[in-house]
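Asks:
Numbering (this note's numbering), first residue to last: 1 to 273.
Structure representation (structure tokens):
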């Protein structure tokens, strides 16, 4: 009887997901392989034989991977520092850290355009210091996209890591140090392994967000395409919805592969009980 009530409570959410996520996904994937009453994967073969698409896919994966790694390198020590602060100070610092999430990605991208442009803040500073003679091209490159995406998604990995690190018992670190472990060894053997779940979740959020981001790459990348802007071009400009659906399917497959690999990595690094 209790199970029946539980199923009834789950029914509205399940119905919502089925109507607005599962069915549209099935229709999207189905439209790429079923055409004129037959089954064909020709559109995928065509994409993966196209050097232009492969270049776009390679750029997208490179930008996503580098963005994720930079967010980890920057976010991990910052999250560790935040997790050790008193509650009030931690709340203030976290609020400052996640403040970029409250600002439109369009506004942030235009801000970086002003900073990274040839007459922008960075080039003017380097020129005034005599480090460069002519402005360097940063805007409308993958580097500019990475900078914008790190700024966009760094708060996500901070939130997930701080939440996990707060739950780590500090007595474990003190016990390790009392047995002769250095601070670095205690961090490597205790803090890092216990932080793996938050690191994996945060990395997935950053990678998937970078893979599917449109506004930031479109504004900071210029003519340099990524998969999301290529999808938009096929759907809106070329009105080729089958090609756009195929690109969306490829993005979903890549997402599932990355999630699977990260879960395997999490299982490998998970501390043994």
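Glycine included, C-beta positions come from ideal geometry on N, C-alpha and C.
Here the structure is a predicted model, which means the values were calculated and not measured.
Which value, in whole angstroms, describes the spacing of the CA atoms of residue 45 and residue 181?
Replies: Looking up residue 45 in the chain shown gives position 45. Looking up residue 181 in the chain shown gives position 181. Looking at the two C-alpha atoms, the distance is approximately 55 Å.
Asks: Nearest CA to the CA of residue 253: which residue from 57, 170, 42, 3?
Replies: Start at 1 with the first residue of the chain shown, and residue 253 comes out as number 253. Answer by Cα proximity: 57.
Asks: Report yes or no: do three or more beta-carbon pairs, one from the region 77-87 and one from the region 149-164, lie closer than 8 Å?
Replies: Touching, per the Cβ criterion.
Asks: Taking only three categories from DSSP, how would you classify residue 49?
Replies: Position 49 of the chain shown, counting from 1, holds the residue named residue 49. Helix.
Asks: Are residue 219 and residue 113 closer than 8 Å when you measure CB to CB?
Replies: Translated into positions along the chain shown, residue 219 becomes position 219. Translated into positions along the chain shown, residue 113 becomes position 113. In this structure, residue 113 lies closer than 8 Å to residue 219 by Cβ.
Asks: Assuming residue 176 and residue 190 form a contact by the criterion Cβ under 8 Å, report the distance between their Cβ atoms to the nearest whole angstrom.
Replies: Walking along the chain shown from the start, residue 176 turns up at place 176. Walking along the chain shown from the start, residue 190 turns up at place 190. That pair is a contact at about 6 Å.
Asks: Select from 48, 28, 153 the residue whose C-alpha is nearest the C-alpha of residue 104.
Replies: Your numbering for residue 104 matches position 104 in the chain shown. The residue with the shortest Cα to Cα distance from residue 104 is 153.
Asks: Going by the CB atoms, is the gap between residue 63 and residue 208 shorter than 8 Å?
Replies: Along the chain shown, one-based indexing puts residue 208 at 208. Along the chain shown, one-based indexing puts residue 63 at 63. Against a cut-off of 8 Å, the Cβ pair of residue 63 and residue 208 comes out as no contact.
Asks: Going by the beta-carbon positions, is the gap between residue 233 and residue 43 smaller than 8 Å?
Replies: Start at 1 with the first residue of the chain shown, and residue 233 comes out as number 233. Start at 1 with the first residue of the chain shown, and residue 43 comes out as number 43. Not a contact, by the Cβ cut-off of 8 Å.
Asks: Relative to the C-alpha of residue 275, which candidate in 100, 137, 228 has its C-alpha closest?
Replies: Missing from the structure shown is residue 275; the chain here goes from 1 to 273 and no further.
Asks: Alpha carbon to alpha carbon, how far is residue 88 from residue 168?
Replies: For the purposes of this step, residue 88 is taken as the residue at position 88 of the chain shown. For the purposes of this step, residue 168 is taken as the residue at position 168 of the chain shown. Approximately 19 Å, taken between the alpha carbons.
Asks: Contact defined as beta carbons within less than 8 Å: I believe residue 140 pairs with residue 49. What is the distance between those atoms, to the nearest angstrom?
Replies: Against the chain shown, residue 140 aligns to sequence position 140. Against the chain shown, residue 49 aligns to sequence position 49. With 8 Å as the limit, residue 140 and residue 49 do not qualify as a contact, their Cβ atoms being about 28 Å apart.
Asks: Determine the DSSP secondary structure at residue 38, reduced to helix, strand or coil.
Replies: Against the chain shown, residue 38 aligns to sequence position 38. Here residue 38 sits in strand by DSSP.
Asks: Throw me the rounded Cβ distance for the residue 230 and residue 247 pair, which I believe falls under 8 Å.
Replies: Along the chain shown, read from residue 1 onward, the residue named residue 230 stands at position 230. Along the chain shown, read from residue 1 onward, the residue named residue 247 stands at position 247. Right, their Cβ atoms sit about 6 Å apart.
Asks: Confirm, please, whether the CB-CB distance from residue 72 to residue 203 is below 8 Å.
Replies: On the chain shown, residue 203 is found 203 positions in, with the first residue counted as 1. On the chain shown, residue 72 is found 72 positions in, with the first residue counted as 1. In contact: residue 203 and residue 72 (Cβ atoms closer than 8 Å).
Asks: Please list, in chain order, all residues of the same chain as residue 84 whose beta carbon is under 7 Å from its beta carbon, the five residues on each side excluded.
Replies: As a position in the chain shown, residue 84 is number 84, starting the count at 1. Once the five neighbours on either side are set aside, residue 84 has no close Cβ partner at all.
Asks: For residue 193, tell me which candidate among 165, 211, 101 has the shortest Cα-Cα distance.
Replies: For the purposes of this step, residue 193 is identified with residue 193 of the chain shown, where counting begins at 1. If we check each option's Cα against that of residue 193, 165 comes out closest.
Asks: Can you list the alpha helix (DSSP H) stretches of 4 or more residues lying completely in the region 141-191, in chain order?
Replies: Segments of the alpha helix (DSSP H) lying fully in the region 141-191: 142-166, 170-178, 183-186.
Asks: Report the residue ranges of all alpha helix (DSSP H) runs contained in full by the region 195-244; include only those spanning at least 4 residues, in chain order.
Replies: As far as the region 195-244 is concerned, its whole alpha helix (DSSP H) runs of at least 4 residues are 215-221, 227-232.
Asks: Could you check what DSSP says for residue 129 in three-state terms: helix, strand or coil?
Replies: Working through the chain shown from its first residue, we reach residue 129 at position 129. The answer is coil: DSSP assigns residue 129 none of H, G, I, E or B.
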